[in-house]
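A quick write-up on the structure given underneath.
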Amino acid sequence: MITVFFVFATICYCVGAVGYLIYLFRDWEPIHRASLGALLAGAVFHAIAIVMQSSAVGHLAVANSREALAFFAWILVVTYLVVQIRLNLRILGSFVAPLAVVFMLTSSLLPGKIVATTSIFQSIWMVLHVLTLFLANALFALAFSAGVMYLLQERHIKRKNFGFLYPRLPSLERLDKINYFCLIVGVPLMTIGLVAGFAYADTVWRSPWNWDPKEIFALITWFIYVILLHERLAVGWRGRRAAWMAIIGFSAVLVTFLGVNLFLEGHHTVFDK
Amino acid sequence: MLLGMNHKTAAVELREQLALVCSNQASPLQLFPYLKQVEELFFLSTCNRVEILFTCLCYNEAVQEVKALLRTHLGSPSISAAQLDASFYVHKNEQAVRHLFRVCSSLDSMVVGEPQILGQIKSAYRDAIQYRTVGVILNRLLHKAFSVAKRVRSSTMIGSHAVSISYAAVELARKIFGELSDKRVLVIGAGEMAELAAEHFLAQGVRQMAVANRTMERAVELGRRFRAETVPFNGIMDVLKDVDIVLSSTGSPVPLLKYQDIKSRMRQRRNKPLFFIDIAVPRDIEQKVNEIDNVYLYDIDDLQGVIELNRAERQKEAERAEHIILEETVKFQDWLRTLDVVPTIVALREKAEAIRQNEIRKTFAQLPDLAEKERQAIEILTESILSKLLHDPILFLKKKAGRDSKQLFVDYTQQLFNLSNENTPSSSALTQIYANVKKENKFAKK
Chain Z
1 MITVFFVFAT ICYCVGAVGY LIYLFRDWEP IHRASLGALL AGAVFHAIAI
51 VMQSSAVGHL AVANSREALA FFAWILVVTY LVVQIRLNLR ILGSFVAPLA
101 VVFMLTSSLL PGKIVATTSI FQSIWMVLHV LTLFLANALF ALAFSAGVMY
151 LLQERHIKRK NFGFLYPRLP SLERLDKINY FCLIVGVPLM TIGLVAGFAY
201 ADTVWRSPWN WDPKEIFALI TWFIYVILLH ERLAVGWRGR RAAWMAIIGF
251 SAVLVTFLGV NLFLEGHHTV FDK
Chain S
1 MLLGMNHKTA AVELREQLAL VCSNQASPLQ LFPYLKQVEE LFFLSTCNRV
51 EILFTCLCYN EAVQEVKALL RTHLGSPSIS AAQLDASFYV HKNEQAVRHL
101 FRVCSSLDSM VVGEPQILGQ IKSAYRDAIQ YRTVGVILNR LLHKAFSVAK
151 RVRSSTMIGS HAVSISYAAV ELARKIFGEL SDKRVLVIGA GEMAELAAEH
201 FLAQGVRQMA VANRTMERAV ELGRRFRAET VPFNGIMDVL KDVDIVLSST
251 GSPVPLLKYQ DIKSRMRQRR NKPLFFIDIA VPRDIEQKVN EIDNVYLYDI
301 DDLQGVIELN RAERQKEAER AEHIILEETV KFQDWLRTLD VVPTIVALRE
351 KAEAIRQNEI RKTFAQLPDL AEKERQAIEI LTESILSKLL HDPILFLKKK
401 AGRDSKQLFV DYTQQLFNLS NENTPSSSAL TQIYANVKKE NKFAKK
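This is the structure we're talking about:
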């Protein structure tokens, strides 16, 4: 039953992604509405699936890579929907929806061994840690999408060579503002998430810092974003550089999130083995 | 029927003269009552075209009359009648409809896709309504033309590509800055094109503007015109840190703004984007400036390139628009054809109604003690018998209206119901009938 909901969600995301890709080429209102609806439906199905899964295993269903990545796709879609309602930047969907689909499909390929629940999974620190970090990562994914769009659009304007995307992409300033918004909200969230993680580690392993590969990579990622935010606020970094940093930062997020889980040993990956 | 001329058929002097006359003097619509052959009249005059749209029954006479009207209206000896005739085109029936749709949708404009024409037609239509020179047909035609224009605009991208330097500059600025209302524009020099562009920026919502010019008087003059502050010419470098768009068009033989000057000021600006529009030849701003991060430089050739691209794009969209217009023209023609059978339908209804009234009167005279309620019932009964009986023949006529053989059916109907004598409305009563049709349409809508 849970799998059915997961499959439904994935199908909805696929439909939304295809719709948004068509929308990228043709400014057609109904297709945007349909795609948005598909994403919304997908998010609802997915939420049901996550709730059912969590109640079945007894803790928030993010214990293995498969669940974690699917959960991340869900957070990403929800974040996009919220940002879409607040900022009404439709083209963002053309970049975010395919990303969500990729995450969903990847998650289905990952090992998904169900982990038996223990009391350590039910700690409030753990829930806080997961939620804030995932939300921050979703915002960074939006910043990444906006960054890609910025670089494309800037290239059009700088090189005076207008591709078909030029009329469809929003203005540079708008994209830069999205970058800023995601950063100013995302960095504090990430900080909270990391602190919660340290507190959690302290309760479980009696030490906040254990030289776990994931911890190291997470800290590197955090530094990238903090530097970007600092430079933005202090020096006025913006535009192309900020867009590149958002892309580099999100690559670091992916390495931390997936690479470490799959290829390196550590206490975050213990559940996959 | 449509008589008109545009920028392709008439020399600019003639257009100037016509436009001048039309704007100064009273509207030619005032002369409408003197036109015997013309049923309905619509007059449009803009800087690039004069169009006279009218309906009539006798084609040649009406054209002569309208031309005579135009001559008296123009009243100037500098243009010979032959010259005037030569610059006019005349369209009939569906050609005229199609032409109007094309004009409305801005496919016939000098700058294809420019949006002003629709507004001009709308105001001309308001005038026509004021003078009561438009009737059923032109009313419907013009309303249709407006909706066609709307359809063309919304379903093709004909209006979305800038095709003049100032439009292109503003469009680019929008792609860089998004909202322009909180941006500052600096105008350096006072070339004509820069002025145009500056005006366009103001029209697009820019509120803060600064002007710098070598001669102070000119700067002050421009400043007054654009409600802008003036900046001393050698103080340009200092204001660079708080303007966003720079429009430059000086006659300077050497570049005014150099790579180093701008590069060193970007940090002060906290890297806020800076958009240079260099319309001067030779150029005022070093080409290398474009390489600086967050700085965008467009010179006249770049803008011209944008325009070329857009023009080609518009041409493609225009072809799609032509298709829509053809479709709508056919639809309108269908409607127009139903009008031909309308007199017969009206006559049929009138005859039936006359008979009914007559018979009712006789019946009521014989039955004096009927109550009001019963009388009403009889009225309703007879009315519904009539309308049900007539329903099929009327529907039949309307259906045949689109066929070429419609005259045959009209004749048969007239003979069958003996409508041919005093019941058939003569052409002079046509306007009356059209008024009836209008009522009918309103009725149908309710």
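Heads up: the sequence lines are chains Z and S, in that order.
Quick note on the working numbering: the first sequence kicks off at 1 and runs consecutively.
Quick note on the working numbering: the second sequence kicks off at 1 and runs consecutively.
A virtual CB, placed ideally from N, CA and C, is assigned to each residue, including glycine.
Fair warning: this is a prediction, and the values are worked out from it, not measured in the lab.
Taking 8 Å as the upper bound on Cβ-Cβ separation, chain Z lies near residues 267, 269, 270, 271, 272, 273 of the stretch 248-281 of chain S.
In the displayed model, residue 104/S falls within a helix according to three-state DSSP. Taken in chain order, the complete alpha helix (DSSP H) segments of 4 residues or longer contained in the stretch 6-92 of chain Z are 29-57, 65-87.
Of the other Cβ atoms in all chains shown, fewer than 16 fall within 10 Å of the Cβ of residue 1/Z; this residue is therefore exposed. Around the C-beta of residue 143/S, fewer than 16 other C-beta atoms lie within 10 Å, and the residue is accordingly described as exposed.
Look at residue 147/Z: its C-beta is not under 8 Å from any C-beta on chain S. Taking 8 Å as the cut-off, the beta carbon of residue 182/Z is found no closer than this to the beta carbon of residue 134/Z. In terms of CA proximity to residue 198/S, 224/S leads the group 216/S, 224/S, 214/S, 178/S. Within the stretch 269-321 of chain S, the complete beta strand (DSSP E) segments of 3 residues or longer fall at 274-278, 295-299, listed in chain order. Proximity of chain Z to residue 174/S at the Cβ level (cut-off 8 Å) is accounted for by 171, in chain order. Cβ-Cβ distances below 6 Å link residue 228/Z to 245 in the same chain, with the five nearest sequence neighbours on each side left out; the list follows chain order. Between the beta-carbon of residue 273/S and that of residue 176/S there is about 6 Å, and that keeps the pair under the 8 Å contact cut. A direct Cα-to-Cα measurement between residue 71/Z and residue 205/Z gives close to 26 Å.
Within chain S, the residues whose beta carbon sits less than 8 Å from that of residue 157/Z are 172, 175, 176, 296, listed in sequence order. By the Cβ test, the stretch 154-162 of chain Z is in contact with the stretch 284-303 of chain S, since at least three Cβ pairs between them sit closer than 8 Å. The alpha-carbon separation between residue 271/S and residue 238/Z amounts to approximately 7 Å.
Residue 205/S has a beta carbon lying at 8 Å or more from every beta carbon in chain Z. Secondary structure at residue 243/S: coil, using DSSP grouped into helix, strand and coil. For residue 253/Z, the enclosing alpha helix (DSSP H) stretches over residues 239-254. Any Cβ of chain S closer than 8 Å to the Cβ of residue 26/Z would place that residue at the interface, and such an atom is absent. By the beta-carbon neighbour count (other beta carbons within 10 angstroms, threshold 16), residue 56/S is buried. Assigned with DSSP and collapsed to three states, residue 230/S falls in strand. Residue pairing for residue 185/S: DSSP places it in a beta bridge opposite 209/S, 245/S.
Among the residues facing chain Z, residue 302/S is included, as its CB has a counterpart in that chain under 8 Å away.
Using beta-carbon distances, residue 244/Z does not count as an interface residue toward chain S, since no partner is under 8 Å.
Judged by pairs of C-beta atoms under 8 Å, the stretch 208-220 of chain S touches the stretch 228-240 of chain S, as three or more such pairs exist.
For residue 173/Z, the closest C-alpha among the options 28/Z, 186/Z, 125/Z, 243/Z is that of 243/Z. Annotation note: the stretch 147-212 of chain Z contains the following uninterrupted alpha helix (DSSP H) runs of length 4 or greater, listed N- to C-terminal: 172-205. Closer than 9 Å at the C-beta level to chain Z, one finds no residue of the stretch 385-418 of chain S. Judged by pairs of C-beta atoms under 8 Å, the stretch 57-68 of chain Z does not touch the stretch 21-39 of chain Z, as fewer than three such pairs exist. For residue 263/Z, the enclosing alpha helix (DSSP H) stretches over residues 260-263. Taking one beta carbon from each stretch, the stretch 253-267 of chain S and the stretch 211-223 of chain Z have fewer than 3 pairs nearer than 8 Å; the two do not touch. DSSP, reduced to helix, strand and coil, places residue 39/S within a strand of the structure shown. Beta-carbon to beta-carbon, residue 107/S and residue 308/S are separated by about 19 Å, too far to satisfy the 8 Å threshold.
As DSSP reads the structure, residue 227/Z sits in no beta bridge. For residue 241/S, the CB contacts under 6 Å within the same chain, skipping 5 residues up- and downstream, are 265, 268, 269 in chain order.
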